Amino acid sequence: FILNSDGMLSNVTGLSIVELPDHSHGWSATPLEFKVGEGIIGRAAAARDMQYCANCFEDDRFSKVNGQAYMPGSIVCAPVLTLHNVLIGVLNVSHPQPNFFTDWHLRLLDVYTNILGQLITNRRLFQQMEMQIALRTAELERLVDETRQLKDHYVNLSMHDQLTGLHNRRYFYDQVELALAQHRRYSYPFCVLVMDIDHFKSINDKYGHVFGDQVLISVAKTLKEQVRNTDILVRFGGEEFVIIFTNTSCDNGRSFAERIRKEIKKLSWNAFDEDVHITLSIGLYCLNPNQSDVNRMLDIDQIIHFADTALYEAKDKGRDRIEVYGS
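Numbering follows our numbering, with no gaps: position 53 of the sequence shown is 116.
Set out below in structure tokens:
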């Protein structure tokens with residue numbers, strides 16, 4: 064009989080120590096229970112002392128339960144205690160014959176209940192420790208997951224331009240390194256486009272920075288619609304945008320650039336009852352497989368410099384045009 068949370072001594076014969084009967088288990092029959100102090104079992108619990116009923120048929124301490132299938136002749140009820148004399152339950156040992164148990168049996172049972180009390184105490188402490196470890200582990204896993212999500216969030220923020228939603232310069236340098244490595248290893252061609260909105264400072268000065276921001280947002284949206292999923296589009300800074308066309312020849316890169324130039328030229332805004340249009344100047348630098356020996360000597364800054372040089376040439380030649388470096 065285990066002392067349950069309601070202060071009752073509940074029969075757990077054949078059950079695990081963790082399977083105390085309660086309403087959540089849905090037992091088919093209500094287990095036998097005694098109050099502390101009730102019957103010989105309750106007296107053993109109340110007195111914290113072994114109770115021996117030599118003849119259950121004659122001893123008033125033995126509580127007879129209606130419908131009880133088994134009636135013992137003699138019974139020993141030994142309290143099971145912790146080292147600090149806290150009651151765990153009562154161990155019952157019975158025999159069909161009256162006057163069966165001897166002093167040797169009682170001494171042996173006293174030693175056994177002491178050991179049993181220590182075993183149950185240790186088991187409960189171990190279960191509590193396991194539960195605490197499980198709770199702490201779950202909490203640590205939750206904190207690690209939250210930290211990882213927070214890190215990913217800030218990394219994502221650091222890689223994006225807040226105004227246009229495009230990736231930014233930092234992201235570009237990561238991706239162009241990968242494109243350059245694939246070119247060197249597999250001879251994949253790729254093109255770098257550097258694009259600049261013509262006379263953007265004049266637009267800001269004339270119509271205001273809020274209008275200028277709207278222009279940048281619209282340009283970014285149009286550029287995004289023109290690139291493939293495999294291409295890399297970034298806002299490089301100010302009114303400058305950069306695209307990496309992966310696995311693309313120079314001829315195809317120029318065709319893509321021309322299509323972009325025409326789409327941007329179609330854009331129109333209204334400000335102060337004026338129709339506003341813009342143009343793009345584009346500088347293009349290509350890395351082709353037949354130039355692999357030369358390209359292996361290039362670094363990323365040189366590639367950007369060559370594309371920028373082509374862009375400045377497009378500006379010098381009147382803007383709204385494409386120039387290919389080295390052509």
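Where a beta carbon is used, it is the ideal one built from N, C-alpha and C, also for glycine. Here the structure is a predicted model, which means the values were calculated and not measured.
Quiz item: Considering only residues of the same chain and omitting the five flanking positions on each side of P252, which have a CB-CB separation below 8 Å?
Solution: Along the sequence shown, one-based indexing puts residue 252 at 189. Same-chain partners within the cutoff: H246, N310, T311, S312, C313, C349, L350, N351 and P352.
Quiz item: Should L226 be labelled buried (16 or more other beta-carbon atoms within 10 Å of its own) or exposed?
Solution: Translated into the one-based positions of the sequence shown, residue 226 becomes position 163. Note on L226: under 16 other CB atoms within 10 angstroms of its CB, so exposed under the neighbour-count rule.
Self-check item: Nearest candidate by alpha-carbon position, reference G180, set H262, I345 and T145
Solution: Residue mapping note: residue 180 aligns to position 117 of the sequence shown, counting from 1. Checking every option, the nearest Cα to that of G180 belongs to T145.
Practice problem: Could you give the DSSP three-state label for D294: helix, strand or coil? | Solution: Position 231 of the sequence shown holds residue 294. Three-state result, D294: coil.
Quiz item: Taking C-beta to C-beta, are Y388 and A373 nearer than 7 Å?
Solution: If you number the sequence shown from 1, residue 388 lands on position 325. If you number the sequence shown from 1, residue 373 lands on position 310. Going by C-beta atoms, Y388 is nearer than 7 Å to A373.
Self-check item: V387 - partner residues in DSSP beta bridges
Solution: Working through the sequence shown from its first residue, we reach residue 387 at position 324. When DSSP reads this structure, V387 sits in a beta bridge with L347.
Quiz prompt | Identity of the residue in E303, C119 and Q191 nearest G136 by Cα | solution = Counting from 1 along the sequence shown, the entry for residue 136 is found at position 73. For the options E303, C119 and Q191, the alpha carbon positioned closest to that of G136 is the one of C119.
Self-check item: Limits of the unbroken alpha helix (DSSP H) element including I104
Solution: As a working note, residue 104 is residue 41 in the sequence shown. I104 -> alpha helix (DSSP H) spans G102 to A110.
Quiz item: Can you tell which of S157, E302 and L347 has its C-alpha closest to the C-alpha of Q114?
Solution: What you label residue 114 is simply residue 51 of the sequence shown in a count that begins at 1. The option with the nearest alpha carbon to Q114 is S157.
Quiz prompt | F304 to L243 span [Cα, whole Å] | solution = Within the sequence shown, residue 304 is the residue found at index 241, counting from 1. Within the sequence shown, residue 243 is the residue found at index 180, counting from 1. Straight-line Cα distance between these residues: approximately 19 Å.
Self-check item: Best match in V75, F274 and I363 for proximity to L241 [C-alpha to C-alpha]
Solution: Translated into the one-based positions of the sequence shown, residue 241 becomes position 178. By alpha-carbon distance to L241, the top candidate from V75, F274 and I363 is I363.
Quiz item: Is the Cβ-Cβ distance between E326 and T293 less than 7 Å?
Solution: Counted from its first residue, the sequence shown places residue 326 at position 263. Counted from its first residue, the sequence shown places residue 293 at position 230. No, the pair does not count as a contact, with Cβ atoms beyond the cut-off.
Quiz prompt | Own chain partners of D379 with C-beta closer than 6 Å, once the 5 adjacent residues on each side are dropped | solution = On the sequence shown, residue 379 is found 316 positions in, with the first residue counted as 1. Counting only Cβ-Cβ distances below 6 Å, and skipping sequence neighbours, we find nothing.
Self-check item: Nearest to I385 (by Cα), restricted to the options I260, K264 and V297
Solution: On the sequence shown, position 322 is the one that residue 385 refers to. The candidate whose alpha carbon is nearest that of I385 is I260.
Self-check item: Secondary structure of N315, DSSP reduced to three states
Solution: In the sequence shown, counting from the first residue as 1, residue 315 sits at position 252. Helix.
Self-check item: Straight-line Cα distance separating Q365 from V297
Solution: Locating residue 297 in the sequence shown gives position 234, counting from the first residue. Locating residue 365 in the sequence shown gives position 302, counting from the first residue. Cα to Cα, the separation comes out at about 18 Å.
Quiz item: Going straight from the alpha carbon of N74 to that of H147, what length do you get?
Solution: Sequence index remark: in the sequence shown, residue 74 carries index 11 (1-based). Sequence index remark: in the sequence shown, residue 147 carries index 84 (1-based). Per the coordinates, the alpha-carbon of N74 lies some 23 Å from the alpha-carbon of H147.
Quiz item: Can you tell which of I307, G70 and F299 has the C-alpha that lies nearest to the C-alpha of R232?
Solution: Taking the sequence shown and counting its residues from 1, one reaches residue 232 at position 169. Closest option to R232, Cα to Cα, is F299.
Exercise. With A373 as the anchor, note down where its alpha helix (DSSP H) starts and where it stops.
Key: Walking along the sequence shown from the start, residue 373 turns up at place 310. Residues I363 to D379.
Quiz item: Taking the alpha-carbon positions, what's the F125 to N155 distance?
Solution: Taking the sequence shown and counting its residues from 1, the one referred to as residue 125 is at position 62. Taking the sequence shown and counting its residues from 1, the one referred to as residue 155 is at position 92. For F125 and N155, the distance between alpha carbons rounds to 12 Å.
Practice problem: Please name the residue, chosen from I306, R186 and V153, that lies closest to L172 on a Cα-to-Cα basis. | Solution: Taking the first residue of the sequence shown as 1, we reach residue 172 at position 109. Measuring C-alpha to C-alpha distances from L172 to each of I306, R186 and V153 identifies V153 as the nearest.
Quiz item: Excluding the five sequence neighbours on either side, which residues of its own chain have a C-beta within less than 7 Å of the C-beta of L361, listed in chain order?
Solution: On the sequence shown, position 298 is the one that residue 361 refers to. The answer is none, since no qualifying residue turns up.
Self-check item: Distance, I266 Cα to I280 Cα
Solution: Counted from its first residue, the sequence shown places residue 280 at position 217. Counted from its first residue, the sequence shown places residue 266 at position 203. C-alpha separation (whole angstroms): 14 Å.
Practice problem: Output the distance between the C-alpha atoms of Y234 and N219, rounded to the nearest integer angstrom. | Solution: The count along the sequence shown starts at 1 and reaches residue 234 at position 171. The count along the sequence shown starts at 1 and reaches residue 219 at position 156. Each residue's Cα considered, the two are about 10 Å apart.
Quiz item: Given that a residue counts as buried once 16 or more other Cβ atoms are within 10 Å of its Cβ, and exposed if not, what is A142?
Solution: Within the sequence shown, numbered from 1, the residue matching residue 142 stands at position 79. Inspection of the sequence shows that residue 142 is occupied by Pro rather than by Ala. So P142 counts as buried.
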